[in-house]
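Peer 1: The structure's right below; bear with me while I get my questions together.
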C-alpha cells in the first residue's frame, strides 16, 4: 500500500486532496491519459508539459522525493522541463491539421 | 539566438523555415542544461554517499546483484553472475564510472563521452532489475535524458566543452 510522506508545506493541500479523494481518483487517470496522448501526438505540447510538471511536482511533495535525486518522478520532471523549454516545433499534429484544413478550403 | 548556441540540423534557417521543414528546426541549447545538471546531480550524490561508506557500498552491490538475479532477463544473468563473483572489482568500476559521468555532466567536459558511459551504466541497471523500457523507471528516463544530452552536445553551453570545441571542433566527445 502506498504511504504518503508529504512535505510540511504541502500538508494543507494534502488534507484538501484527502477530503476530495473520490474526485481526485477519477480525475487523475484521465489527466494522465490526456497528457500521454497529447505528448505522443504533439498537440499543445508546451501546456501539456506544464500540466505534467505540476502533477510531478505534487508527487514529489507528496512522496518527499528531492528534485535532484535519481528517482522516476524527478527524472520525468527533468525530461518534461526540457520538452517545455524547447517548445518542440516539429512533428506536431496541430500545425499539420491547420495546414490540411486551410488546404481543403482552397487557401 | 545564434546558430552557435543552438541545436540544428541545417544551418541558418529562415524565420518561418522551422514550421515548414522539421530538419531546419532549431532549439536553444540552454534548454538542455537543466537536464544535464539534474543527471549530474543524480550521479554525483550517489557517488558522494559511497565515498562516506565504502564497505557499505560493496555490500549494497552484492545485495543488489543477488537480489535482482532472479528477475533479470536470461541473456543478462551470466553478466550478473560474473559481477557477483568479482563484486569488489565491479563495485569499484561502478563507483569510478558514476563519478566520471557525474563530473563530466556537471562541468560540461567531454559531455558526449560522459553521456555514452552513463547510458551504458543505466542500461546495465535497467537489465539487472528486469525493467522494461515502457515501464515508469528512472533508469530508462536517465537513458533518454543522456541520449538528449549527447545528441544536443549539451556541454557546449555553460560547460567547459565550449573551449574544447573551439580548439578541437571536430571531435565527437564534446
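Residue numbers (the numbering used here), protein chains in the order written: chain E, 591 to 697; chain X, 1235 to 1408. Glycine included, each C-beta is placed from N, C-alpha and C at the ideal position.
Taking only beta-carbon atoms, is residue 1268(X) less than 9 Å away from chain E?
Peer 2: Judged by the 9 Å Cβ criterion, residue 1268(X) is in contact with chain E.
Peer 1: Where do the N-terminal and C-terminal ends of the alpha helix (DSSP H) with residue 1390(X) fall, by residue?
Peer 2: Per DSSP, residue 1390(X) belongs to no alpha helix (DSSP H) and is neither H nor E.
Peer 1: By the criterion of Cβ-Cβ separation under 7 Å, what are the contact partners of residue 662(E) in chain X?
Peer 2: Here the neighbours are 1370, 1371, 1372, 1375.
Peer 1: With a threshold of 9 Å between beta-carbons, can residue 1345(X) be considered close to chain E, or not?
Peer 2: For residue 1345(X), the answer is no, since every Cβ of chain E falls outside 9 Å of its Cβ.
Peer 1: Is residue 603(E) buried or exposed, if buried means 16 or more other CB atoms sit within 10 Å of its CB?
Peer 2: Label assigned to residue 603(E): exposed.
Peer 1: Given residue 651(E), which residues of its chain have a CB within under 7 Å of its CB, disregarding the five upstream and five downstream residues?
Peer 2: Cβ within range, chain order: 596, 597, 600.
Peer 1: Write down the C-beta distance between residue 1387(X) and residue 1329(X) rounded to the nearest angstrom, noting that I regard them as a contact closer than 8 Å.
Peer 2: No, residue 1387(X) and residue 1329(X) are not in contact; Cβ-Cβ is about 27 Å, not under 8 Å.
Peer 1: Taking beta-carbon pairs under 7 Å, can you tell me which members of the region 629–647 of chain E lie near chain X?
Peer 2: Answer in chain order: no residues at all.
Peer 1: Name the two residues that bound the continuous alpha helix (DSSP H) containing residue 1359(X).
Peer 2: Taken as a continuous stretch (DSSP letters only), the alpha helix (DSSP H) holding residue 1359(X) covers 1345–1363.
Peer 1: To the nearest angstrom, report how far apart residue 643(E) and residue 663(E) are at their CA atoms.
Peer 2: The alpha-carbon atoms of residue 643(E) and residue 663(E) are separated by roughly 10 Å.
Peer 1: Looking at residue 1347(X): is its Cβ nearer than 9 Å to the Cβ of residue 1393(X)?
Peer 2: Cβ distance not < 9 Å, so residue 1347(X) and residue 1393(X) don't count as in contact.
Peer 1: Taking contact to mean 3 or more Cβ pairs, one atom from each stretch, closer than 8 Å, check whether the region 1373–1383 of chain X and the region 1268–1284 of chain X are in contact.
Peer 2: Result yes; three or more Cβ-Cβ pairs closer than 8 Å.
Peer 1: I want to know whether the region 1349–1367 of chain X touches the region 1294–1312 of chain X - three or more CB-CB distances under 8 Å.
Peer 2: Contact between the region 1349–1367 of chain X and the region 1294–1312 of chain X is present, because at least three Cβ pairs lie under 8 Å.
Peer 1: Inspect the beta-carbon positions of residue 633(E) and residue 674(E) and report whether they are closer than 9 Å.
Peer 2: No.
Peer 1: Using a C-beta cutoff of 9 Å, does residue 600(E) count as contacting chain X?
Peer 2: So, not an interface residue.
Peer 1: CA-CA distance, residue 653(E) and residue 1321(X)?
Peer 2: Distance between the alpha carbons of residue 653(E) and residue 1321(X) is about 33 Å.
Peer 1: What does the alpha-carbon distance come out to for the pair residue 1237(X) and residue 669(E)?
Peer 2: Bear in mind that the predicted position of residue 1237(X) carries a pLDDT of just 43, short of 50, making it unreliable; the figure below should be weighed with that in mind. Residue 1237(X) and residue 669(E): Cα-Cα distance of roughly 23 Å.
Peer 1: What do you reckon, are the CB atoms on residue 1335(X) and residue 1357(X) nearer than 9 Å?
Peer 2: No; because the gap between Cβ atoms is not below 9 Å, this pair is not in contact.
Peer 1: Drop a sphere of 10 angstroms on the beta-carbon of residue 608(E), count the other beta-carbons inside from all chains shown, and report buried for 16 or more, exposed for fewer.
Peer 2: By the neighbour-count rule (16 or more Cβ atoms within 10 Å), residue 608(E) is not buried but exposed.
Peer 1: Is residue 1407(X) buried or exposed, if buried means 16 or more other CB atoms sit within 10 Å of its CB?
Peer 2: The residue in question, residue 1407(X), is buried, as its Cβ has 16 or more Cβ neighbours within 10 Å.
Peer 1: Is the shortest distance between the beta-carbon of residue 1330(X) and the beta-carbons of chain E less than 9 Å?
Peer 2: By this cut-off, residue 1330(X) is not an interface position.
Peer 1: Can the beta-carbon of residue 1401(X) be found closer than 9 Å to that of residue 1345(X)?
Peer 2: Not closer than 9 Å, so no.
Peer 1: In chain E, which residues lie less than 7 Å from residue 1382(X) when you measure between Cβ atoms?
Peer 2: Simply 672.
Peer 1: List, in chain order, every chain X residue whose beta-carbon is nearer than 9 Å to that of residue 537(E).
Peer 2: In the structure displayed, chain E extends from 591 to 697; residue 537(E) sits before or after that span and is not available.
Peer 1: In its own chain, which residues sit with a C-beta less than 7 Å from the C-beta of residue 660(E), not counting the 5 before and 5 after it?
Peer 2: For residue 660(E), where only same-chain residues beyond five positions count, there are no Cβ hits under 7 Å.
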